[in-house]
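Here the structure comes first, spelled out in C-alpha cells, and everything after it is commentary.
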Amino acid sequence: MVSIANYNPLRRVLFHDDFDQGINGWCELVGNHGGDLDRIRPAVADLRPPQLSSCTFFDIGTHGALDGTYSLKLATRKKAGHQAVAIKRLTSQARGLVQFETWFTFKAEQQFGEDLADWDGNQDPSEANFGDITFSNDICEPGGGPRYMFALRYRNADADGRLVQRWLYKTSLHTTTKMAVAGREIEHTDIHVRDPRDWVEVPGGHQPLCFNEVATKVNWHYLRWLYDTKARRNVELQVNDRTLNLRNIPVPFYPETYEGLPNLLNFLVDVRTVRDVRNFLFFDSIVVSVDW
Numbered sequence: 246m247v248s249i250a251n252y253n254p255l256r257r258v259l260f261h262d263d264f265d266q267g268i269n270g271w272c273e274l275v276g277n278h279g280g281d282l283d284r285i286r287p288a289v290a291d292l293r294p295p296q297l298s299s300c301t302f303f304d305i306g307t308h309g310a311l312d313g314t315y316s317l318k319l320a321t322r323k324k325a326g327h328q329a330v331a332i333k334r335l336t337s338q339a340r341g342l343v344q345f346e347t348w349f350t351f352k353a354e355q356q357f358g359e360d361l362a363d364w365d366g367n368q369d370p371s372e373a374n375f376g377d378i379t380f381s382n383d384i385c386e387p388g389g390g391p392r393y394m395f396a397l398r399y400r401n402a403d404a405d406g407r408l409v410q411r412w413l414y415k416t417s418l419h420t421t422t423k424m425a426v427a428g429r430e431i432e433h434t435d436i437h438v439r440d441p442r443d444w445v446e447v448p449g450g451h452q453p454l455c456f457n458e459v460a461t462k463v464n465w466h467y468l469r470w471l472y473d474t475k476a477r478r479n480v481e482l483q484v485n486d487r488t489l490n491l492r493n494i495p496v497p498f499y500p501e502t503y504e505g506l507p508n509l510l511n512f513l514v515d516v517r518t519v520r521d522v523r524n525f526l527f528f529d530s531i532v533v534s535v536d537w
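Following our numbering, the numbering of the sequence shown begins with 246 at its first residue and continues without gaps.
Encoded structure:
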C-alpha cells in the first residue's frame with residue numbers, strides 16, 4: 246500500500262486512493278441523457294472508462310506502479326482530439342483549501358515501422374505523439390450559489406508534433422448539457438472549453454517533464470495542486486521541483502443557476518491525444534486533503 250509519507254497533505258485527508266486496493270470510485274464521465282442514451286452529446290459520449298493497469302508493455306513485460314502492481318489508467322482512442330476522462334464525485338462539508346496530490350506518468354503508444362533515419366538514439370519519436378493532460382474539478386455552492394470549474398492543462402506537444410511542454414489554464418466555460426439544449430453553445434472536441442484555442446499559458450509555465458528515451462520506460466511525477474473554494478480561486482501548483490503561483494489566474498463562472506448540485510465537489514483527470522496515436526495516463530495513487 247502506498248504510504249501517506251509519499252505525500253504532503255493538509256490537516257484532514259478527504260480520501261487516499263491506492264489503486265492496488267481497487268478503482269476507488271473513479272469512473273467515466275458521461276453526458277446527461279434523461280434516460281435516453283441517444284441524447285448524449287457527441288462530445289461527451291465516448292470518454293472511455295478508466296481501468297486498473299499493471300503497466301505491461303511489449304518489450305519489458307510488467308512494469309507495475311510506483312508502489313505495488315496496479316495504477317489507474319486512462320487511454321484515448323487512436324483519433325486526434327479524442328479525450329479519456331475519469332471523474333470522482335463528492336460533496337463538500339465546508340469551503341476552504343482543497344489539495345489534490347498524485348504520482349502520475351504519461352506515455353504515447355509505441356509506433357512501429359517509423360523512419361528512424363534522423364533518430365539520435367536519445368529522444369524517442371513517441372514523445373512528440375503525446376498531447377495533453379488536464380486536472381480539473383466541478384464545484385457548485387448551495388442555495389443557488391455559483392458553479393465554476395478550475396482546470397489546469399499540461400500541453401506536451403501540438404498536432405504537428407512540436408514539443409510545447411507548458412502548463413495552461415482555460416479562459417472559457419465547459420459547455421454543459423443545459424447550455425447545449427438551450428442552443429447557446431456549439432460543441433467542440435475539447436470538453437473543457439467553448440473553443441479548443443481557449444487556453445493560455447500559466448506565467449512561468451514552461452516545464453519539460455521526464456518522458457525518458459523509450460515509449461515503455463516509465464518515470465513517476467509528483468503533482469500537488471492547491472485551490473481555495475472559499476476564495477473561489479487557484480492557489481498554487483507544484484510538479485516535481487517547480488511551484489507555480491496561480492492566485493491571479495482568472496476563473497470563469499456560469500451565469501445561470503444549476504439545480505440538483507448543492508455542495509458539488511467533483512474531481513476530474515483526463516488525457517487528450519492531438520494526433521492519430523493512442524495516449525495513456527497512469528496514476529499510482531491520489532490523495533485529496535482539506536483544511537476544514
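Ideal placement from N, C-alpha and C gives every residue a C-beta, glycine not left out.
- By a beta-carbon distance limit of 8 Å, alanine 320 contacts arginine 293. Their separation comes to about 6 Å.
- Around phenylalanine 456, the same chain offers Glu372 as residues with beta carbons nearer than 6 Å, after the five sequence neighbours per side are excluded.
- Within its own chain, the residues whose Cβ lies closer than 8 Å to the Cβ of leucine 482, once the five positions on either side in sequence are excluded, are Leu397, Trp412, Val447, Leu468, Arg469, Trp470, Leu471, Thr488, Leu489, Leu491, listed in chain order.
- Rounded to the nearest whole angstrom, the C-alpha separation of tyrosine 399 and glycine 376 is 8 Å.
- Each of Thr518, Leu526, Thr420, Asp529 was checked against the Cα of lysine 323, and the nearest Cα belongs to Thr518.
- Fully contained in the segment 360-428 are the following alpha helix (DSSP H) runs of length 4 or more, in chain order: 422-426.
- CA-to-CA, the gap between phenylalanine 345 and alanine 362 works out to about 43 Å.
- With a cutoff of 8 Å on beta-carbon distance, aspartate 383 and methionine 394 are scored as near each other.
- Under the 10 Å beta carbon count, glutamine 328 is surrounded by 16 or more other beta carbons and is classified as buried.
- Annotation: isoleucine 305 to threonine 461 spans about 8 Å, alpha carbon to alpha carbon.
- Under the three-pair Cβ rule at 8 Å, the segment 341-357 does not count as touching the segment 436-453.
- Taken atom to atom, the span from the alpha-carbon of asparagine 508 to that of serine 298 is near 32 Å.
- Taken in chain order, the whole beta strand (DSSP E) runs of length 3 or more contained in the segment 494-519 are 509-517.
- Within 10 angstroms of the beta-carbon of valine 445 lie fewer than 16 other beta-carbons, which makes it exposed.
- Between aspartate 281 and serine 530, the CB-CB gap reaches or exceeds 8 Å.
- About 6 Å separates the Cβ atoms of isoleucine 378 and valine 516, confirming a contact at the 8 Å cut-off.
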